[in-house]
Amino acid sequence: MNLTLYVWRQKNADDKGRMETYAAKNISTHMSFLEMLDVVNEDLIEQGIEPIAFDHDCREGICGMCSLVVNGRPHGPEKATTICQLHMRHFKEGDKIYIEPWRAKAFAVVKDLVVDRSALDRIMAAGGFVSVNTGGVPDGNSIPISKVDADTAMDAAACIGCGACVASCKNASAMLFVAAKVSQFASLPQGKVEASRRVRAMIDQMDVEGFGNCTNFQECEAACPKEISIKFIAKMNREYLKSSVAPSKG
Amino acid sequence: MKLDSKVPSGPLPDKWTKHKFESKLVNPANKRKYSAIVVGSGLAGASAAATLAELGYVVSCFCFQDSPRRAHSIAAQGGINGAKNYQNDGDSVYRLFYDTIKGGDFRGREANTYRLAEVSVNIIDQCVAQGVPFARDYGGLLDNRSFGGAQVSRTFYARGQTGQQLLLGAYSALSRQIGLGTVEMHTRTEMLDLVVVDGRTRGIVVRDLITGKISSHAADAVLLATGGYGNVFYLSTNAKACNVTAAYRAYKKGALFANPCYTQIHPTCIPVAGDYQSKLTLMSESLRNDGRIWVPKKVGDNRAAADIPEAERDYYLERKYPSFGNLAPRDISSRSAKEVCDEGRGVGETKVGVYLDFADAINRLGKNVITERYGNLFDMYERITGEDPYTVPMRIYPASHYTMGGLWVDYNLESTIPGLFVLGEANFSDHGANRLGASALMQGLADGYFVIPYTLGDFYARSKQSGITTDHEAFKKAEQEAIDRQEKFLSINGKRSVDSFHRELGKVMWDYCGMGRNEAGLKKALEMIPPIREEFWQNVKVLGNGDELNQSLEKAGRVADFLEFAEIMCHDALDREESCGAHFREEYQTEEGEAKRNDKKYTYVAAWEYNGVGVKPNLHKEELEFENVELATRSYK
Numbered sequence: 002m003n004l005t006l007y008v009w010r011q012k013n014a015d016d017k018g019r020m021e022t023y024a025a026k027n028i029s030t031h032m033s034f035l036e037m038l039d040v041v042n043e044d045l046i047e048q049g050i051e052p053i054a055f056d057h058d059c060r061e062g063i064c065g066m067c068s069l070v071v072n073g074r075p076h077g078p079e080k081a082t083t084i085c086q087l088h089m090r091h092f093k094e095g096d097k098i099y100i101e102p103w104r105a106k107a108f109a110v111v112k113d114l115v116v117d118r119s120a121l122d123r124i125m126a127a128g129g130f131v132s133v134n135t136g137g138v139p140d141g142n143s144i145p146i147s148k149v150d151a152d153t154a155m156d157a158a159a160c161i162g163c164g165a166c167v168a169s170c171k172n173a174s175a176m177l178f179v180a181a182k183v184s185q186f187a188s189l190p191q192g193k194v195e196a197s198r199r200v201r202a203m204i205d206q207m208d209v210e211g212f213g214n215c216t217n218f219q220e221c222e223a224a225c226p227k228e229i230s231i232k233f234i235a236k237m238n239r240e241y242l243k244s245s246v247a248p249s250k251g
Numbered sequence: 109m110k111l112d113s114k115v116p117s118g119p120l121p122d123k124w125t126k127h128k129f130e131s132k133l134v135n136p137a138n139k140r141k142y143s144a145i146v147v148g149s150g151l152a153g154a155s156a157a158a159t160l161a162e163l164g165y166v167v168s169c170f171c172f173q174d175s176p177r178r179a180h181s182i183a184a185q186g187g188i189n190g191a192k193n194y195q196n197d198g199d200s201v202y203r204l205f206y207d208t209i210k211g212g213d214f215r216g217r218e219a220n221t222y223r224l225a226e227v228s229v230n231i232i233d234q235c236v237a238q239g240v241p242f243a244r245d246y247g248g249l250l251d252n253r254s255f256g257g258a259q260v261s262r263t264f265y266a267r268g269q270t271g272q273q274l275l276l277g278a279y280s281a282l283s284r285q286i287g288l289g290t291v292e293m294h295t296r297t298e299m300l301d302l303v304v305v306d307g308r309t310r311g312i313v314v315r316d317l318i319t320g321k322i323s324s325h326a327a328d329a330v331l332l333a334t335g336g337y338g339n340v341f342y343l344s345t346n347a348k349a350c351n352v353t354a355a356y357r358a359y360k361k362g363a364l365f366a367n368p369c370y371t372q373i374h375p376t377c378i379p380v381a382g383d384y385q386s387k388l389t390l391m392s393e394s395l396r397n398d399g400r401i402w403v404p405k406k407v408g409d410n411r412a413a414a415d416i417p418e419a420e421r422d423y424y425l426e427r428k429y430p431s432f433g434n435l436a437p438r439d440i441s442s443r444s445a446k447e448v449c450d451e452g453r454g455v456g457e458t459k460v461g462v463y464l465d466f467a468d469a470i471n472r473l474g475k476n477v478i479t480e481r482y483g484n485l486f487d488m489y490e491r492i493t494g495e496d497p498y499t500v501p502m503r504i505y506p507a508s509h510y511t512m513g514g515l516w517v518d519y520n521l522e523s524t525i526p527g528l529f530v531l532g533e534a535n536f537s538d539h540g541a542n543r544l545g546a547s548a549l550m551q552g553l554a555d556g557y558f559v560i561p562y563t564l565g566d567f568y569a570r571s572k573q574s575g576i577t578t579d580h581e582a583f584k585k586a587e588q589e590a591i592d593r594q595e596k597f598l599s600i601n602g603k604r605s606v607d608s609f610h611r612e613l614g615k616v617m618w619d620y621c622g623m624g625r626n627e628a629g630l631k632k633a634l635e636m637i638p639p640i641r642e643e644f645w646q647n648v649k650v651l652g653n654g655d656e657l658n659q660s661l662e663k664a665g666r667v668a669d670f671l672e673f674a675e676i677m678c679h680d681a682l683d684r685e686e687s688c689g690a691h692f693r694e695e696y697q698t699e700e701g702e703a704k705r706n707d708k709k710y711t712y713v714a715a716w717e718y719n720g721v722g723v724k725p726n727l728h729k730e731e732l733e734f735e736n737v738e739l740a741t742r743s744y745k
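Residue numbers (my numbering), protein chains in the order written: chain D, 2 to 251; chain Z, 109 to 745.
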């Protein structure tokens with residue numbers, strides 16, 4: 002099939018940027034969205050036009066590197082699907098496709114569709130861990146953890162850190178990302194020890210980075226390719242409240 | 109060059125304990141005087157960087173992704189082995205060791221493999237303490253499953269995302285150190301060269317992928333944790349940016365490259381759909397626990413799977429290997445799939461695929477149980493192929509997945525260049541000629557958390573600081589070479605894209621140095637590769653500039669190295685006139701078509717020394733000594 006692409010091109014962080022129009026010709030329905038872009042890029046190279054820069058790596062929906070807003074939706078139209086796992090069978094002949102980068106104050110555009118998400122790493126460095134050094138830890142089975150709690154922790158831990166939650170939010174809030182990590186650890190005995198300190202440190206850093214607040218529009222959950230539930234935001238808020246009431250613990 | 113493995117003397121179970129005791133220590137107050145560069149932030153790199161920083165060393169860590177959390181370890185699905193024997197089913201450190209040595213077809217180093225099995229139990233404890241949400245049973249204890257090639261349940265898992273959860277554990281430990289200021293993290297920064305002065309590693313030259321700036325970094329030791337070279341085949345299950353450059357640059361500076369022909373082809377991947385294919389997707393081999401693999405008995409049978417009656421199906425793994433059946437090791441499963449497809453019994457549109465059928469398991473266990481076990485994998489399969497594996501059997505075919513070969517290291521994980529250590533998939537050390545499932549995660553974390561912290565301390569204590577800064581002319585020279593090379597790529601302005609060369613090379617390697625190899629084919633590949641390389645340097649087209657984000661330029665550097673490295677692989681495969689593990693030379697097989705080793709001649713590690721581009725490298729041999737296991741013929745019948 003043949004498609005028309007409208008793609009955000011921006012030379013670097015200082016450039017203003019603009020939409021460019023390209024034709025995507027002879028696209029197979031079996032291709033992934035990124036393979037379609039590969040084909041377009043090969044075509045651009047042949048024409049002497051610099052290929053479109055976009056982030057991607059594993060192409061199996063787990064590394065969290067790919068980050069395109071397609072037709073206004075982070076990771077495109079399919080539910081629970083990263084853009085690298087979206088296949089062209091979901092489009093039809095003659096479709097017009099708009100492709101843009103994640104847009105948020107905290108995510109500066111680096112080039113074309115590539116953005117700087119290092120703010121998320123800094124939130125992690127502020128508190129997204131259990132403070133144990135290597136060695137000297139107890140046997141793995143010394144603390145039984147109920148299956149329900151372990152499963153809850155895993156539901157939260159499934160976050161791939163792509164930032165689609167931020168890109169989908171009108172406030173550019175990173176609450177779902179932070180809540181997922183806070184909830185993973187708060188659900189496990191290993192993480193409870195410093196739960197109070199963690200939630201405050203991570204939220205403080207989130208604010209420093211310029212992410213907005215949550216106003217319960219739930220766009221993040223709808224956009225999340227791993228379907229992280231916003232119930233974790235509620236859990237984070239509870240953790241935050243607890244840490245304010247009893248700040249000395251942890 | 110005499111290769112000294114530095115394996116400690118004494119009984120196998122005591123070697124590591126003895127070695128740790130005999131290793132010199134660095135006084136706590138002196139640790140901050142020693143620096144380490146860690147290249148790569150996957151399981152091996154992140155765990156090493158975090159642990160070394162916890163100990164008090166000065167650590168800097170480099171990765172080319174935008175965050176250390178994105179390293180390709182993240183994609184591992186199935187699990188991690190640990191000899192905990194929590195299931196009371198007869199596992200032990202010795203059994204895990206034995207399974208790994210046997211699975212590697214007796215081409216691995218006993219002492220390294222034993223140590224791997226020994227520390228496997230510590231890894232599980234460490235990850236649990238970090239808050240890794242492993243699967244648990246209703247009593248609250250850790251759950252296990254059995255995994256490709258093992259008859260005990262020793263694999264720990266976190267749904268189908270074990271690699272992700274372990275990496276996020278290591279990444280969180282690393283993040284903690286970054287927050288404390290003890291690790292200096294450089295993201296979107298790619299190593300371009302290794303700097304060696306007076307026979308010792310002094311540092312690296314890197315390119316900042318955003319600004320294009322090329323700069324030098326000096327340290328007392330450099331740790332490469334840069335993964336494998338499976339992308340030499342272009343199509344593989346590796347992430348798109350995985351490459352051989354760091355290891356290959358070290359090789360060109362004098363490190364030996366060991367067993368490059370040991371490349372694992374994973375049996376359960378989604379088959380290629382068309383020419384535009386950019387990568388192949390693995391379906392965790394845990395699926396083989398419940399799925400049954402088959403093809404039609406008849407050649408050219410075009411009926412839909414459901415229309416083929418039971419009697420006309422060939423469950424070829426169950427038929428050929430009754431005791432292991434669908435769980436036969438990866439190399440055997442992969443080759444068997446190739447055989448049936450070569451016979452014309454393949455399935456799907458391209459006929460290059462076999463069925464992995466869950467109908468029996470769904471009837472026996474119910475759809476809910478299958479969803480609980482494999483739901484996310486089934487969803488992924490459906491997203492990619494548009495077919496529902498609950499009702500239509502999956503189609504799978506082998507793909508390049510993991511490389512057992514890598515830079516040669518001794519028992520301390522030190523390469524032949526003093527001060528250069530190699531961890532994880534990037535080294536050759538623990539898996540012999542074939543890796544068992546759920547052992548890659550184990551090795552990455554073993555090396556990073558529990559081996560290098562000891563052996564690096566010993567190196568520092570014995571060799572003292574490097575004393576050479578980035579002002580040294582060797583750094584300036586390496587920087588200039590990197591700049592010149594980049595300018596060259598940008599100035600060729602030919603007609604073909606970088607990817608087109610990569611695809612061309614990949615096809616040659618897959619056809620002649622892939623699942624099956626023979627002398628004529630390998631010689632042919634060695635004739636075909638140089639012209640591709642020559643054309644690349646005359647006709648590649650890299651647009652844009654060097655002083656900005658330029659993904660074509662990044663790829664050009666990686667593909668240029670693959671174009672040289674591919675020849676070493678072929679030389680190694682040609683030289684090893686036997687079949688062992690994942691290396692299958694068609695001339696050397698039993699009457700039943702199984703790999704036929706030649707223990708008299710080839711019980712050695714082939715370590716290759718750089719001898720110039722396009723010139724056959726020099727072979728050095730590390731004879732493998734088996735003091736504890738008997739070299740048996742692998743039998744999975």
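By construction, the Cβ of each residue, glycine as well, lies at the ideal position given by its N, Cα and C atoms.
Since the model is a prediction, treat every value here as computed from it, not as a measurement.
Asked, Found
"I'd like the list of long-range same chain contacts for N42 (chain D), defined as Cβ closer than 8 Å, with 5 residues on each side in sequence excluded.", "P52 and I53"
"If we call anything under 9 Å between Cβ atoms a contact, is V606 (chain Z) one with V648 (chain Z)?", "yes"
"S431 (chain Z): buried (16+ other C-beta within 10 angstroms of its C-beta) or exposed?", "exposed"
"Nearest-angstrom Cα distance between V530 (chain Z) and L564 (chain Z)?", "11 Å"
"Using DSSP with H/G/I as helix, E/B as strand and the rest coil, what is N238 (chain D)?", "helix"
"Report the option in Z:E662, Z:K141, Z:F536 and Z:D680 whose CA atom is closest to the CA atom of R217 (chain Z).", "Z:F536"
"Can you check whether the C-beta of N520 (chain Z) is within less than 9 Å of a C-beta belonging to chain D?", "no"
"What are the boundary residues of the beta strand (DSSP E) that includes H294 (chain Z)?", "V291 to H294"
"Could you compute how far the alpha carbon of K704 (chain Z) sits from the alpha carbon of N626 (chain Z)?", "14 Å"
"Where M512 (chain Z) and A181 (chain D) are concerned, what is the direct C-alpha to C-alpha distance, given to the nearest angstrom?", "36 Å"
"Which residues in chain D have a C-beta closer than 8 Å to the C-beta of E292 (chain Z)? List them in chain order.", "Simply none; closest approach about 12 Å."
"When the distance is taken between beta carbons, is K148 (chain D) closer than 9 Å to G248 (chain Z)?", "yes"
"On the DSSP letters alone, give me the boundaries of the beta strand (DSSP E) that M20 (chain D) sits inside.", "R19 to A25"
"To be precise: take each residue of the region 636-662 of chain Z, compare its Cβ to all Cβ atoms of chain D, and keep it if any distance is under 7 Å. Which residues remain?", "K649, L651, G652, E656, L657, Q659 and S660"
"How many angstroms separate the CA atom of G95 (chain D) from the CA atom of Y7 (chain D)?", "13 Å"
"Using 8 Å for Cβ pairs, my map puts S261 (chain Z) next to Q195 (chain Z). What's the rounded Cβ distance?", "5 Å"
"Assuming R244 (chain Z) and A151 (chain D) are in contact, meaning their beta carbons sit under 8 Å apart, how far apart are those beta carbons, in whole angstroms?", "4 Å"
"Can you have a look at M237 (chain D) and say buried or exposed, based on whether 16 or more other CB atoms are within 10 angstroms of its CB?", "buried"
"Within 10 angstroms of its Cβ, does F212 (chain D) collect 16 or more other Cβ (buried), or is it exposed?", "buried"
"Of the residues Z:D213, Z:L276 and Z:R693, which one's Cα is nearest the Cα of G150 (chain Z)?", "Z:L276"
"For T511 (chain Z), report the span of its beta strand (DSSP E) as first-last.", "M502 to T511"
"Short check: CB of I640 (chain Z) to CB of F673 (chain Z), under 9 Å?", "no"
"Residue range of the alpha helix (DSSP H) that F178 (chain D) falls in?", "M176 to A187"
"Secondary structure at M617 (chain Z), three-state DSSP: helix, strand or coil?", "helix"
"Got a sec, what are the start and stop residues for the alpha helix (DSSP H) H325 (chain Z) sits in?", "It is not in any alpha helix (DSSP H) - H325 (chain Z) instead sits in the beta strand (DSSP E) that spans I322 to A326."
"Looking at L747 (chain Z): is its Cβ nearer than 9 Å to the Cβ of A327 (chain Z)?", "No information on residue 747 (chain Z) is available, as it lies outside the stretch 109 to 745 that chain Z covers here."
"With a cut-off of 8 Å on the beta carbons, I'd call R199 (chain D) and G137 (chain D) a contact; round off their distance for me.", "The pair is not a contact, with the Cβ atoms about 21 Å apart (cut-off 8 Å)."
"Output yes if chain D places a C-beta closer than 9 Å to the C-beta of I232 (chain Z); else output no.", "yes"
"What whole-angstrom Cβ distance do A534 (chain Z) and R315 (chain Z) have, given they're in contact under 8 Å?", "Rounded, the Cβ-Cβ distance is 19 Å, inconsistent with contact."
"At a CB distance below 7 Å, what residues from the region 175-190 of chain Z approach chain D? Give them in sequence order.", "S175, R177, R178, H180, I182 and A183"
"Can you find a heavy atom of the ligand NAD that lies under 8 Å from the Cβ of Y620 (chain Z)?", "This structure does not include the ligand NAD; it has no bound ligands of any sort."
"Touch check for the region 151-160 of chain Z and the region 271-288 of chain Z: three-plus C-beta pairs under 8 Å?", "yes"
"Below 8 Å on the Cβ atoms is my guess for D398 (chain Z) versus I525 (chain Z); work out the distance and round it to an integer in Å.", "Their Cβ separation, rounded to whole angstroms, is 47 Å, which puts D398 (chain Z) and I525 (chain Z) out of contact at 8 Å."
"Is DSSP giving F752 (chain Z) helix, strand or coil here?", "There is simply no residue 752 (chain Z) to check, as chain Z begins at 109 and stops at 745 in what is shown."
"What's the C-alpha gap between I46 (chain D) and K663 (chain Z)?", "14 Å"
"Measure the C-alpha to C-alpha separation of V92 (chain Z) and N339 (chain Z) and round it to an integer number of angstroms.", "Shown here, chain Z extends from 109 to 745; a query on residue 92 (chain Z) therefore has no answer."
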